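Numbering (this note's numbering), first residue to last: 27 to 214.
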């Protein structure tokens with residue numbers, strides 16, 4: 027998964043694909059070589075390979091690699107395809123095998139091909155409180171005793187803890203792929 031920002035407490039099932047590059051379908055050719063002539067070093071064996079010719083062939087295509095954004099507390103079902111550049115809002119749920127080609131609003135359940143809204147996860151007043159609370163900014167390990175299965179009560183408890191100063195935002199360390207490989211080695 028490249029070119030993607032993923033929020034906290036996100037669940038991603040097996041077989042999820044996030045699209046990579048877009049192509050200029052309204053140009054003479056949709057090939058990436060029309061705006062990225064040095065791709066795969068084709069310029070070295072299909073042309074003279076000179077920097078001048080490569081630079082003259084290069085065309086601006088601003089939508090080539092848009093960043094896909096997956097909000098916090100998102101659940102993405104098995105086998106989902108997400109088009110590059112799509113924004114999936116906080117709390118959204120994407121049904122298995124869905125094809126997501128448009129942005130998904132926060133706390134909306136979508137499914138299908140193309141994915142369409144099925145319903146909101148919660149009534150709008152609860153969604154507004156969740157988005158204001160931003161509970162994902164806190165560590166679950168600091169939320170002992172909060173009944174996650176009762177959202178209105180959980181929100182009330184969290185709001186009280188924040189107001190009292192008992193619950194502080196969690197500042198997670200940043201890990202690189204190398205850090206993760208060291209922390210979680212794969213058995214040979």
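C-beta atoms are modelled at their ideal positions from N, C-alpha and C, and glycine is treated no differently. For clarity, every value in this text was computed on a predicted model and none was experimentally measured.
What is the residue span of the beta strand (DSSP E) that residue 182 lies within?
Here the question's residue 182 lines up with position 156 in the chain shown. Segment 177-190 is the alpha helix (DSSP H) holding residue 182; no beta strand (DSSP E) there.
Should residue 124 be listed as close to the ligand ATP, given that the test is whether its C-beta is under 7 angstroms from any heavy atom?
In terms of ligand content, the structure shown is empty, and the ligand ATP therefore cannot be addressed.
For residue 105 and residue 45, believed in contact at Cβ under 8 angstroms, the rounded distance:
Translated into positions along the chain shown, residue 45 becomes position 19. Translated into positions along the chain shown, residue 105 becomes position 79. Contact flag wrong, Cβ pair sits at about 14 angstroms.
To the nearest angstrom, report how far apart residue 116 and residue 195 are at their CA atoms.
Along the chain shown, read from residue 1 onward, the residue named residue 116 stands at position 90. Along the chain shown, read from residue 1 onward, the residue named residue 195 stands at position 169. Roughly 17 angstroms between the two C-alpha positions.
Is the Cβ-Cβ distance between residue 169 and residue 181 less than 8 angstroms?
The residue you call residue 169 lines up with position 143 of the chain shown. The residue you call residue 181 lines up with position 155 of the chain shown. No. Outside cutoff.
Just confirm the distance between the C-beta atoms of residue 132 and residue 97, as a whole number of angstroms; I'd bet it's less than 8 angstroms.
For this step, residue 132 is matched to residue 106 along the chain shown. For this step, residue 97 is matched to residue 71 along the chain shown. So it is a contact: roughly 7 angstroms between Cβ atoms.
C-alpha distance - residue 31 paired with residue 203, whole-angstrom precision
Translated into positions along the chain shown, residue 31 becomes position 5. Translated into positions along the chain shown, residue 203 becomes position 177. So the two alpha carbons sit approximately 14 angstroms from each other.
For residue 162, the three-state DSSP class (helix, strand or coil)
Position 136 of the chain shown, counted from the start, is the residue given in the question as residue 162. Helix at residue 162.
Neighbourhood of residue 43 by C-beta distance below 6 angstroms, restricted to the same chain and skipping five residues each side:
Taking the first residue of the chain shown as position 1, residue 43 is located at position 17. 107.
Under 8 angstroms Cβ to Cβ from residue 153, same chain only, skipping five residues before and after it: list those, please.
What you label residue 153 is simply residue 127 of the chain shown in a count that begins at 1. Contacts found: 117, 132, 133, 146 and 147.
For residue 198 and residue 55, I'd like the C-alpha separation in whole angstroms.
Taking the chain shown and counting its residues from 1, the one referred to as residue 198 is at position 172. Taking the chain shown and counting its residues from 1, the one referred to as residue 55 is at position 29. Between residue 198 and residue 55, the C-alpha separation is close to 45 angstroms.
Using the Cα positions of residue 125 and residue 38, report the straight-line distance between them to the nearest angstrom.
In the chain shown, the residue the question calls residue 125 occupies position 99. In the chain shown, the residue the question calls residue 38 occupies position 12. Approximately 14 angstroms, taken between the alpha carbons.
Bridge partners - residue 138, DSSP secondary structure assignment:
Position 112 of the chain shown, counting from 1, holds the residue named residue 138. Note: residue 138 sits in a beta bridge opposite 141.
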